[in-house]
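A.B. asks: Numbering (the numbering used here), first residue to last: 1 to 183.
Shown below is the structure under consideration.
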């Protein structure tokens, strides 16, 4: 933000510690109830959850690096420009966090998968960025690409839709009826 403290703008550094409870819904399985899956190498997941987030944030001048203000640090640190002392975990500011994200997996082979993750975290605070403008809507996004390797030698059982199970049962019954009608 040009024109703020010392006229050079400002930046912030925030450290997070968070404990979450998440629910993950396999969209691939849910969608297979309505359509026939055309490629079983892809899996899509929706995740949502809540958590408690503790943080320490410090705001500095963009040009000089001089201290402007902070949250979650011991009092009196404004007199120094380095060696800031964070509050302990119990004394640090904390806020509820709301989580919403999409997760995708592409199976390269039986053991190795490529992972894509997009997650948004939102809290009813305006202090994560160490800039209090009373908006109460700080949030951040998490983007990740990675690999997953299955250590287990036992392969996962593939999920079969209830419609597939009914179709298999109908085919078996139809074969038995045809066999009985051959007289």
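Just so you know, even glycine gets a beta-carbon here, dropped at the ideal spot from N, CA and C.
The structure displayed is predicted, hence computed values, not measured ones.
Quick check on the burial criterion: 16 or more other C-beta atoms within 10 angstroms. Buried or exposed for residue 97?
C.D. replies: Result: buried.
A.B. asks: Residue 139 bridges to which residues according to DSSP?
C.D. replies: Looking at the DSSP assignment, residue 139 forms a beta bridge with 122.
A.B. asks: Starting from the Cα of residue 150, find the closest Cα among 168, 91, 139 and 109 and give me that residue.
C.D. replies: Closest by alpha carbon: 109.
A.B. asks: Around the C-beta of residue 134, are 16 or more other C-beta atoms found within 10 angstroms, so that it is buried, or is it exposed?
C.D. replies: Residue 134 should be labelled exposed.
A.B. asks: Output the distance between the C-alpha atoms of residue 90 and residue 53, rounded to the nearest integer angstrom.
C.D. replies: Approximately 11 angstroms, taken between the alpha carbons.
A.B. asks: Is the CB-CB distance between residue 59 and residue 12 below 8 angstroms?
C.D. replies: Cβ atoms of residue 59 and residue 12: closer than 8 angstroms.
A.B. asks: So what's residue 43 in DSSP terms, helix, strand or just coil?
C.D. replies: Strand at residue 43.
A.B. asks: Any idea what DSSP makes of residue 174, helix, strand or coil?
C.D. replies: Helix at residue 174.
A.B. asks: Keeping to the same chain, check which residues put their C-beta closer than 8 angstroms to that of residue 136; ignore five residues upstream and five downstream.
C.D. replies: These residues qualify, in order along the chain: 124, 125 and 126.
A.B. asks: If we ignore side chains and look at the alpha-carbon of each, how far apart do residue 195 and residue 99 end up?
C.D. replies: One cannot answer for residue 195 here, as it falls past the ends of the chain, which runs 1 to 183.
A.B. asks: Does the distance from the CB of residue 120 to the CB of residue 146 come in under 8 angstroms?
C.D. replies: Contact flag unset, no.
A.B. asks: Using the C-alpha atoms, what's the distance from residue 122 back to residue 62?
C.D. replies: Distance between the alpha carbons of residue 62 and residue 122: 25 angstroms.
A.B. asks: Mind checking whether residue 8 and residue 64 have CB atoms under 8 angstroms apart?
C.D. replies: Yes, the pair counts as a contact, with Cβ atoms nearer than the cut-off.
A.B. asks: Could you check if residue 165 is buried or exposed, using at least 16 other CB atoms within 10 Å of its CB as the buried criterion?
C.D. replies: Counting Cβ neighbours within 10 Å, residue 165 comes out exposed, since fewer than 16 surround it.
A.B. asks: Leaving out five residues before and five after residue 28 in sequence, what residues of the same chain have Cβ atoms less than 6 angstroms from its Cβ?
C.D. replies: Only 43 and 44 meet the Cβ criterion.
A.B. asks: Report yes if the C-beta distance between residue 69 and residue 56 is below 8 angstroms; otherwise report no.
C.D. replies: No, these two residues do not count as a Cβ contact at 8 angstroms.
A.B. asks: Between residue 112 and residue 20, what straight-line distance do the alpha-carbon atoms span, to the nearest angstrom?
C.D. replies: Going by the C-alpha atoms only, they are around 27 angstroms apart.
A.B. asks: If you draw a straight line from the C-alpha of residue 117 to the C-alpha of residue 50, how long is it?
C.D. replies: Roughly 17 angstroms between the two C-alpha positions.
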